[in-house]
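Reading through the structure tokens given below for one structure.
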């Protein structure tokens, strides 16, 4: 893991300020701040700082890498029910994380879904998942094409060990705010449209979008889960 210059008290202070900004963004959109969950993204963050976030009341953590999760999980002050996997997940790593997380947010192919189904059945459990949507249509990003989402959901509705709980996206980086707002607004529309379809075994409860640089905009556009790493734990050096 990389060095981190922050102290546990820095993390707690960052979280207090972050929550105020999230609440302000929600209120500016006429939303209840209590609708928005904060996820602390823990890539390369040492367990003592992750546990400081837990002590400050964070109850959802995002892991990007299977190996890092395995190395750190025993040192965490919380269990798998508070952890989502949010990074690119190779099918050969599913076996390693199936009992270590409560949700996989980065499901982007039927192949990965089939492996999750297989491993969840073998473990005697049900896994919550989100579909990752490549909302910007970028070749460099994982995620499903927007037009493929409904067909994927129809297939997943028959997977007995998976529960689709919503959608996740990462819009293109470095774009003007109005362009990013367009991506977030489009995601929210997809989310609402699917919810209105009332598909079997598909529930649109979570719209996971927004990170350190754009979470306030995401909240104003309808996100109910934001994934923040640098804004809590500082830049990794």
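In our numbering, the protein residues as written are 581 to 817. Where a beta carbon is used, it is the ideal one built from N, C-alpha and C, also for glycine.
If you draw a 10 Å sphere on the C-beta of residue 622, you find 16 or more other C-beta atoms in it, and that means buried. Taken atom to atom, the span from the alpha-carbon of residue 799 to that of residue 778 is near 24 Å. In this model, residue 722 and residue 614 are separated by some 30 Å (Cα to Cα). Residue 786 places its beta carbon less than 9 Å from that of residue 747.
Closest option to residue 784, judged by alpha-carbon separation, among 801, 806, 733: 733. As the crow flies, the alpha-carbon of residue 703 is around 19 Å from that of residue 687. In the structure shown, the three-state DSSP call for residue 784 is strand.
For residue 694, the enclosing alpha helix (DSSP H) stretches over residues 690-703. DSSP places residue 712 in the strand class (E or B) of the three-state scheme. Counted as a single uninterrupted DSSP element, the stretch harbouring residue 770 is not any beta strand (DSSP E) but the alpha helix (DSSP H) occupying residues 757-777. The segment 598-615 makes no contact with the segment 641-653, as fewer than three CB pairs between them are under 8 Å. Taking C-beta atoms as the reference points, residue 674 and residue 695 count as a pair closer than 9 Å.
Under the three-state reduction of DSSP output, residue 623 falls in the coil class, being neither helix nor strand. By the neighbour-count definition (other C-beta atoms within 10 Å, threshold 16), residue 781 is an exposed residue.
For the pair residue 604 and residue 803, the Cα-to-Cα distance works out to about 14 Å. Runs of the alpha helix (DSSP H) lying entirely within the segment 621-686 and spanning at least 4 residues, in chain order: 627-635, 646-652, 674-677. Judged by DSSP secondary structure, residue 806 falls outside any alpha helix (DSSP H) and instead within the beta strand (DSSP E) spanning 805-808. Counting along the chain, residue 735 sits inside the alpha helix (DSSP H) bounded by residues 729-736. When rounded, the separation of the alpha-carbon atoms in residue 745 and residue 607 is 25 Å. Assigned with DSSP and collapsed to three states, residue 616 falls in coil, not helix or strand.
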